[in-house]
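*Asks:* Sharing a structure with you now.
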Amino acid sequence: MTRRSVILGTGSLLPARRVSNAELAETVDTTDEWIVERTGIRFRHIAAEGETTSTLATGAAKAAIEAAGIEASSIDLIVLATATPDQTFPASATRVQTALGIGDCVAFDVAAVCSGFLYALQVADSMIRAGAHQRALVIGAETFSRILDWEDRATCVLFGDGAGAVVLDAQESDETTGAGILATRLHADGRHNDLLYVDGGPSTTGTVGKLRMKGREVFRHAVTNLAAVMEESLGAVGMSSADVDWVVPHQANARILDATARKLGLAREKVVVTVDQHANTSAASVPLALDAAVRDGRIKRGDLLVLEAMGGGFTWGAAVVRF
Numbered sequence: 000m001t002r003r004s005v006i007l008g009t010g011s012l013l014p015a016r017r018v019s020n021a022e023l024a025e026t027v028d029t030t031d032e033w034i035v036e037r038t039g040i041r042f043r044h045i046a047a048e049g050e051t052t053s054t055l056a057t058g059a060a061k062a063a064i065e066a067a068g069i070e071a072s073s074i075d076l077i078v079l080a081t082a083t084p085d086q087t088f089p090a091s092a093t094r095v096q097t098a099l100g101i102g103d104c105v106a107f108d109v110a111a112v113c114s115g116f117l118y119a120l121q122v123a124d125s126m127i128r129a130g131a132h133q134r135a136l137v138i139g140a141e142t143f144s145r146i147l148d149w150e151d152r153a154t155c156v157l158f159g160d161g162a163g164a165v166v167l168d169a170q171e172s173d174e175t176t177g178a179g180i181l182a183t184r185l186h187a188d189g190r191h192n193d194l195l196y197v198d199g200g201p202s203t204t205g206t207v208g209k210l211r212m213k214g215r216e217v218f219r220h221a222v223t224n225l226a227a228v229m230e231e232s233l234g235a236v237g238m239s240s241a242d243v244d245w246v247v248p249h250q251a252n253a254r255i256l257d258a259t260a261r262k263l264g265l266a267r268e269k270v271v272v273t274v275d276q277h278a279n280t281s282a283a284s285v286p287l288a289l290d291a292a293v294r295d296g297r298i299k300r301g302d303l304l305v306l307e308a309m310g311g312g313f314t315w316g317a318a319v320v321r322f
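Read left to right, the sequence shown gives residues 0 to 322 (numbering that gives the first Met the number 0).
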């Protein structure tokens with residue numbers, strides 16, 4: 000038996016405002032056909048005034064806590080992945096802590112953009128395995144609509160807002176067949192900063208800035224890096240793509256999902272796809288897709304999952320999880 004981080008429950012929250020491609024085309028020089036053909040995206044959710052990264056994160060956390068059947072007060076670690084925090088500081092995780100009524104605990108943010116949830120998951124898992132914590136809340140939450148250039152049709156149509164969360168619990172699990180996070184692998188390569196970034200920041204421009212991206216180059220790196228890290232993480236536990244029940248990928252672009260699945264020889268039916276409904280929600284993307292597939296019954300206890308993502312930095316990673 001070994002100490003592992005087991006997912007007790009999942010949750011998510013999307014802003015009430017749902018924007019179709021057709022509605023977007025009323026103010027942006029684009030069409031529904033153009034967006035769908037290139038990305039697979041049909042809808043995205045946009046945060047309203049008063050909705051922030053922390054309020055979305057709190058809603059997702061409450062849903063995960065309810066699904067886990069636990070009291071919020073039992074959580075002693077909160078790791079929130081986001082590139083769009085409420086404030087430069089303090090961490091948005093502390094706002095979630097307060098909103099949930101949790102007393103003294105460890106709470107901090109992780110910034111790794113679209114890979115943020117995978118980074119946060121490994122951080123929480125490592126702290127649980129080390130015996131420092133018993134129960135963790137891991138959240139990915141974003142309000143990317145606030146950093147988009149709405150005059151840049153190549154980027155503004157791609158992103159949306161939302162949050163997803165999981166509750167992790169330290170449990171003794173069978174080393175080969177038991178539930179929990181089996182392996183995680185993370186990477187970064189800062190040489191590619193100029194391919195996907197925000198052109199602002201406190202220590203450079205003193206402004207929030209707007210998202211900038213060279214889509215074609217990002218696509219090429221994404222397919223190669225994601226396929227490689229998925230194979231790497233599976234290899235770490237002596238498994239292959241043939242053992243996988245579900246891939247829960249970052250929802251950036253339907254063509255990236257298809258290309259990555261083909262590269263690994265995975266059936267499209269094994270890939271959870273929500274990009275058509277949510278667009279790219281950055282760090283929220285993976286936990287949103289995970290929660291959707293758990294709640295509609297596709298993902299069941301005992302299933303072997305691979306979670307994967309790549310984002311600005313570049314950062315990328317994957318986790319093998321026995322659900």
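Positions of the beta carbon are idealized from the N, C-alpha and C atoms, including for glycine. In this text the structure is predicted, and so the values were computed from the model without any measurement.
Measure how close the beta-carbons of S172 and T9 come, nearest whole angstrom, since I'm counting them as under 8 Å.
*Replies:* The Cβ separation is near 18 Å, so there is no contact.
*Asks:* Does DSSP put A251 in a helix, a strand or coil?
*Replies:* It is coil, neither helix nor strand.
*Asks:* When the Cα of G264 is compared with those of T51, Y196 and A226, which residue comes out closest?
*Replies:* Among T51, Y196 and A226, the Cα nearest to that of G264 belongs to A226.
*Asks:* DSSP has Y196 in a bridge; who is on the other side?
*Replies:* Partner(s): R211.
*Asks:* For the alpha helix (DSSP H) that contains Q96, what are its first and last residues?
*Replies:* From DSSP, the alpha helix (DSSP H) with Q96 extends over S91 to A98.
*Asks:* Residues bridged to H186 by DSSP?
*Replies:* Paired residues: W315.
*Asks:* What would DSSP say about E174, mapped onto helix, strand or coil?
*Replies:* Note: E174 maps to coil in three-state DSSP.
*Asks:* Output the distance between the C-alpha atoms of Q121 and A169, rounded to the nearest integer angstrom.
*Replies:* Going from the Cα of Q121 to the Cα of A169 covers about 14 Å.
*Asks:* Would you mind listing the alpha helix (DSSP H) stretches within the stretch 41-127 that are 4+ residues and don't spill past its ends, in chain order?
*Replies:* Entirely contained in the stretch 41-127, the alpha helix (DSSP H) runs reaching 4 residues are, in chain order, 52-67 and 91-98.
*Asks:* Need the endpoints of the alpha helix (DSSP H) that L13 sits in, please.
*Replies:* Element bounds for L13: n/a, residue is neither H nor E.
*Asks:* Which class does D290 belong to by DSSP, given the choice of helix, strand or coil?
*Replies:* In this structure, D290 counts as helix in the three-state DSSP scheme.
*Asks:* Which one of D124, L233, R297 and S19 has the shortest CA to CA distance from L136?
*Replies:* When each option's Cα is compared against that of L136, the closest is D124.
*Asks:* Based on the DSSP output, what are the partners of A135 in its beta bridges?
*Replies:* Beta-bridge pairing links A135 to L76 and L167.
*Asks:* Look up F218 in the DSSP assignment and say whether it is helix, strand or coil.
*Replies:* Looking at F218 - three-state DSSP - the assignment turns out to be helix.
*Asks:* Within 10 Å of its beta-carbon, does R300 have 16 or more other beta-carbons around it, so buried, or fewer, so exposed?
*Replies:* Exposed is the call here.
*Asks:* What residues are listed by DSSP as bridge partners for S19?
*Replies:* Paired residue(s): F42.
*Asks:* Expressed to the nearest angstrom, what Euclidean distance is found between the alpha-carbon atoms of I40 and N252?
*Replies:* Cα to Cα, I40 sits roughly 7 Å from N252.
*Asks:* Quick check: what's the CA-CA separation for V207 versus G311?
*Replies:* Distance between the alpha carbons of V207 and G311: 16 Å.
*Asks:* In this structure, how does DSSP classify G234 when only helix, strand and coil are distinguished?
*Replies:* Of the three classes helix, strand and coil, the one that applies to G234 here is helix, per DSSP.
*Asks:* Looking at chain B, is there any beta carbon in it that lies within less than 8 Å of the beta carbon of L79?
*Replies:* Here chain B cannot be found, since the structure has a single protein chain.
*Asks:* Would you kindly check if the distance between the Cβ of W315 and the Cβ of S114 is under 8 Å?
*Replies:* Yes.
*Asks:* Which two residues bound the contiguous alpha helix (DSSP H) that contains A153?
*Replies:* R152 to C155 is the extent of the alpha helix (DSSP H) around A153.
*Asks:* What is the DSSP secondary structure of D148, reduced to helix, strand or coil?
*Replies:* Residue state, collapsed to three classes: coil.
*Asks:* Counting only the same chain and skipping the five closest in sequence on each side, list residues whose C-beta sits under 7 Å from that of R184.
*Replies:* The answer, listed in chain order, is V228, E231, S232, A235, G316 and A317.
*Asks:* Where do the N-terminal and C-terminal ends of the alpha helix (DSSP H) with V274 fall, by residue?
*Replies:* V274 to H277 is the extent of the alpha helix (DSSP H) around V274.
*Asks:* Assign R300 to one of three DSSP states: helix, strand, or coil.
*Replies:* Looking at R300 - three-state DSSP - the assignment turns out to be coil, as it is neither helix nor strand.
*Asks:* On a Cα-Cα basis, can you pick out the residue from G100, I74, F107 and E32 that is closest to T87?
*Replies:* Answer by Cα proximity: F107.
*Asks:* If you count every other CB in all the chains shown that lies within 10 Å of the CB of R261, and 16 or more means buried, which is it?
*Replies:* Label assigned to R261: exposed.
*Asks:* On the three-state DSSP scale, how would you describe M229?
*Replies:* Note: M229 maps to helix in three-state DSSP.
*Asks:* CA-CA distance, L76 and Q133?
*Replies:* So the alpha carbons of these two residues sit roughly 8 Å apart.
*Asks:* Going by the beta-carbon positions, is the gap between P286 and A182 smaller than 8 Å?
*Replies:* Contact flag unset, no.
*Asks:* For M238, collect the residues of the same chain with a Cβ closer than 8 Å to its Cβ; drop the 5 residues on either side in sequence, then sort them by chain order.
*Replies:* So the qualifying residues of the chain are L303 and V319.
*Asks:* Is there contact here, the stretch 89-103 with the stretch 143-162, by at least three beta-carbon pairs under 8 Å?
*Replies:* No contact exists between the stretch 89-103 and the stretch 143-162.
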